Amino acid sequence: MSNIRWKVTFQIYRAKGDGPVHFDTFFLDVDPDEYVLDGVERLWAFHDRSLCYRHACHHSTCGACGMRVNGVEKLTCITPIREVTTDGGTLRIEPLRNFPVVSDLAVDMGSLYLRMDQVHAKSVLPVTEAEIEKSPRDWSAEDQQYIRLSDCIECGLCISACPISATDADYLGPAVLAGAQQTGLSKDPALVEIVDSEDGVWRCHSAYECTAVCPSFVDPARRIMNLRRQVLGQRWQGLFNRKGAQNLAVEEVTR
Amino acid sequence: MNKVDNEPSRSKWIEWFNPQGRNLEGITFSLNRITGLGLTLYLFLHLIVLGTLARGANAYDNFIKLVHNPFFIFGEFLVVAAGLIHGFNGIRIVITSLGIGVPTEKRLLVVLMAIALIGTLIFAVRMFTA
Amino acid sequence: MANVTLPKGVSAPKSGENTWLWLWKLASGPLIFILILIHFAVNHYLGSNGLLSYREVLSYYSNSIVPVMEGIFLVVVVSHSLLGLRSVILDLHPSRSLLRAIDWIFLLGGTAAVVYGIWLLNVIVASIPKG
Chain A
1 MSNIRWKVTF
11 QIYRAKGDGP
21 VHFDTFFLDV
31 DPDEYVLDGV
41 ERLWAFHDRS
51 LCYRHACHHS
61 TCGACGMRVN
71 GVEKLTCITP
81 IREVTTDGGT
91 LRIEPLRNFP
101 VVSDLAVDMG
111 SLYLRMDQVH
121 AKSVLPVTEA
131 EIEKSPRDWS
141 AEDQQYIRLS
151 DCIECGLCIS
161 ACPISATDAD
171 YLGPAVLAGA
181 QQTGLSKDPA
191 LVEIVDSEDG
201 VWRCHSAYEC
211 TAVCPSFVDP
221 ARRIMNLRRQ
231 VLGQRWQGLF
241 NRKGAQNLAV
251 EEVTR
Chain B
1001 MNKVDNEPSR
1011 SKWIEWFNPQ
1021 GRNLEGITFS
1031 LNRITGLGLT
1041 LYLFLHLIVL
1051 GTLARGANAY
1061 DNFIKLVHNP
1071 FFIFGEFLVV
1081 AAGLIHGFNG
1091 IRIVITSLGI
1101 GVPTEKRLLV
1111 VLMAIALIGT
1121 LIFAVRMFTA
Chain C
2001 MANVTLPKGV
2011 SAPKSGENTW
2021 LWLWKLASGP
2031 LIFILILIHF
2041 AVNHYLGSNG
2051 LLSYREVLSY
2061 YSNSIVPVME
2071 GIFLVVVVSH
2081 SLLGLRSVIL
2091 DLHPSRSLLR
2101 AIDWIFLLGG
2111 TAAVVYGIWL
2121 LNVIVASIPK
2131 G
């Protein structure tokens, strides 16, 4: 950390209970190499203890601290202040879009977690199944023992950025479709009925906003395109192989 | 504004056309939507006005005379521009949706939109200087 | 047959849009691209000045492949545009009943447009002077 200090104005989205949404303005002296989350935390600690926000690991593993910074989705624990503003500039901090606001900057991500579960998205993968850079052509028997964390940290930035998630509450969303792609339809054919639907893979219109904001290496847009290929493959096979194609009867759950 | 406004809602359709904070593909998504809707409207209007062909030579020829004015020519230019943008972006979507070329998708988009833009400029010159 | 009960609050999969509809929308795109190039080139460059007179339209349609090509073009472009419009409506998450109503309107409207177009093609072809 250097001795440089910037004067930055923080405009923070506030919403409590049924009250109207408003923005509170705070002025902070910050080190530009600090992270946006550090700024928010300092506001909570020294200026307003009623400010509500989500955070945990502070090193881009938990996915809790996603917010919109000047209109763009960011994982605030790894977003240096100098990346998003200048000395004398303003940071407008809002909660992620397309999730219910619990309080201030904290949103309810329950629907995302439920849907990730529905598509059997794995949080830990055998390394032989994970897509990693420069993977060996053949994994040795010894390598089979290794596992790695899935790239998706379920931060929800992709869902916030997706223009279709803005108008369709039931759209599975990029993270969930990417999770289904990673699970693989050939390994889990039951997923075909979930993703080959009006709230599934066909709602994507290639805006690629999800990939643009993903702080990890998921590249949801690419995975959705691959998932389409998988769906086409499964449906094509299903045409010629009635016995092989699985059919699921799904009970509709009324809210 | 209430915190419920943060949730998905049909009224947020206007956000489809908001370029703020969007990357190139996001803006192209907005353009594809506008051009698709515009071209659909044009298609049905086009089918209707072609009905003059069933009313004989005078009807059609008079219609052609009618649309030889700057207002209609500008409208036709918009249709050409919309067709080029929608068509070339559509090619990107066809290619990438089949899982081909996704890592180079952005380069593909830039090239295709450049072709669409050049085509639009060529038609603008032809249509407004003729 | 396996039965899956979904957790509360998560939508059940619906078949309002599926692989085959999407695949047709995708396949019809490049088809339109090719047909529109022909359609456009002919309309503006054929003959002296394109199809800007009734006489030139009849002359163009006297080639028997033309009505067939234009008829195919009509079906492809009407289905592509209505599927696209339906897709935009699906992005707004319509209710089941509204979607059903829209499906009927599009089916009837699209069919009407195609029937009208084919009728028009027949009228044009019938108007071509013999000999």
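Taken in order, these protein sequences are the chains called A, B and C.
For the first sequence, the positions run 1 to 255 when our numbering is used.
For the second sequence, the positions run 1001 to 1130 when our numbering is used.
For the third sequence, the positions run 2001 to 2131 when our numbering is used.
Glycine is no exception: its CB is placed at the ideal position from the N, C-alpha and C atoms.
Values in this document were obtained by computation on a predicted structure and should not be read as measured data.
Range covered by the alpha helix (DSSP H) that runs through Gly238 of chain A: Pro220 to Phe240
Check whether Leu2082 of chain C and Arg203 of chain A have beta carbons under 9 Å apart: no
Can the beta-carbon of Arg235 of chain A be found closer than 9 Å to that of Val192 of chain A? yes
Using a beta-carbon distance below 9 Å, is Tyr53 of chain A in contact with chain B? Not flagged as an interface residue toward chain B: Tyr53 of chain A, since no C-beta distance is shorter than 9 Å.
Relative to the C-alpha of Glu83 of chain A, which residue among A:Glu34, A:Leu51 and A:Met116 is closest? Glu83 of chain A has its Cα closest to that of A:Glu34, out of A:Glu34, A:Leu51 and A:Met116.
Using a Cβ-Cβ cutoff of less than 6 Å, which residues in the same chain neighbour Arg223 of chain A once the five nearest sequence positions on both sides are dropped? Ala178 and Gln181
Is it true that the CB of Asp168 of chain A sits closer than 9 Å to the CB of Pro1008 of chain B? Going by C-beta atoms, Pro1008 of chain B is nearer than 9 Å to Asp168 of chain A.
Along chain B, which residues have their Cβ under 7 Å away from the Cβ of Ala15 of chain A? Lys1003
At 8 Å on the CB atoms, spell out the chain C contacts of Ile164 of chain A, in chain order. Going along chain C in sequence order, the residues near Ile164 of chain A (Cβ under 8 Å) are Asp2091.
Does the distance from the CB of Ile1075 of chain B to the CB of Asn226 of chain A come in under 9 Å? According to the sequence displayed, residue 1075 of chain B carries Gly and not Ile. A distance of 9 Å or more separates the beta carbons of Gly1075 of chain B and Asn226 of chain A.
Arg1022 of chain B versus chain A: which residues are under 7 Å apart at the beta carbon? Glu209
If you follow the beta strand (DSSP E) that His22 of chain A is part of, which residue opens it and which one closes it? His22 to Val30
To the nearest angstrom, how far is it from the Cα of Leu185 of chain A to the Cα of Leu172 of chain A? If you draw a straight line from the Cα of Leu185 of chain A to the Cα of Leu172 of chain A, it comes to about 16 Å.
Could you run through the region 2088-2114 of chain C and flag, in chain order, every residue whose CB is less than 7 Å away from some CB of chain A? Leu2090, Asp2091, Leu2092 and His2093
Are Ser165 of chain A and Arg228 of chain A closer than 9 Å when you measure CB to CB? no
Please state if the CB of Cys158 of chain A and the CB of Cys210 of chain A are separated by a distance shorter than 9 Å. yes
Three-state secondary structure (DSSP) at Val1049 of chain B? helix
Check the Cβ-Cβ distances between Gly1026 of chain B and every residue of chain A, and say whether any is below 9 Å. Closer than 9 Å: yes.
Can you pull the chain B residues whose beta carbon is under 8 Å from the beta carbon of Val2125 of chain C, in chain order? Neighbours of Val2125 of chain C on chain B: none; closest Cβ ~11 Å, over 8 Å.
For a contact meaning CB atoms closer than 7 Å, what does Met225 of chain A contact in chain B? Thr1096, Ser1097, Gly1099 and Val1102
Considering only the alpha carbon of each residue, which of A:Gln118, A:Arg54, A:Ser123 and A:Thr183 lies closest to Ile93 of chain A? A:Arg54
Could you name the residues of the same chain whose beta carbon sits closer than 7 Å to that of Gln1020 of chain B, not counting the 5 residues immediately before and after it, in chain order? none
Do we get a CB-CB distance below 9 Å when we pair Arg1107 of chain B with the residues of chain A? no
Can you look up Ala190 of chain A in the DSSP assignment and give me helix, strand or coil? coil
Beta-carbon proximity check, Pro100 of chain A vs Asn1006 of chain B, cutoff 9 Å: Note that the C-beta distance between Pro100 of chain A and Asn1006 of chain B is below 9 Å.
Whole angstroms is fine: what's the gap from Thr85 of chain A's alpha carbon to Asp38 of chain A's? 15 Å
Thinking just about the alpha-carbon of each residue, which of A:His22, A:Ser50 and A:Ile81 is nearest to the one in Thr9 of chain A? Minimum Cα distance to Thr9 of chain A is reached at A:Ile81.
Sequence-distant residues of the same chain with beta carbon closer than 7 Å to Met67 of chain A, five excluded per side: Lys74, Thr76, Ile93, Glu94, Pro95, Leu96 and Leu105
Short CB-CB distance (under 9 Å) between Pro2129 of chain C and chain B: Not an interface residue.
Could one say the Cβ of Val2042 of chain C lies closer than 9 Å to chain B's Cβ atoms, at least one of them? Cβ-Cβ to chain B under 9 Å: no for Val2042 of chain C.
Counted within 10 angstroms of its Cβ, other Cβ atoms place Tyr13 of chain A as buried (16 or more) or exposed: buried
Phe99 of chain A, DSSP secondary structure in three states: In this structure, Phe99 of chain A counts as coil in the three-state DSSP scheme.
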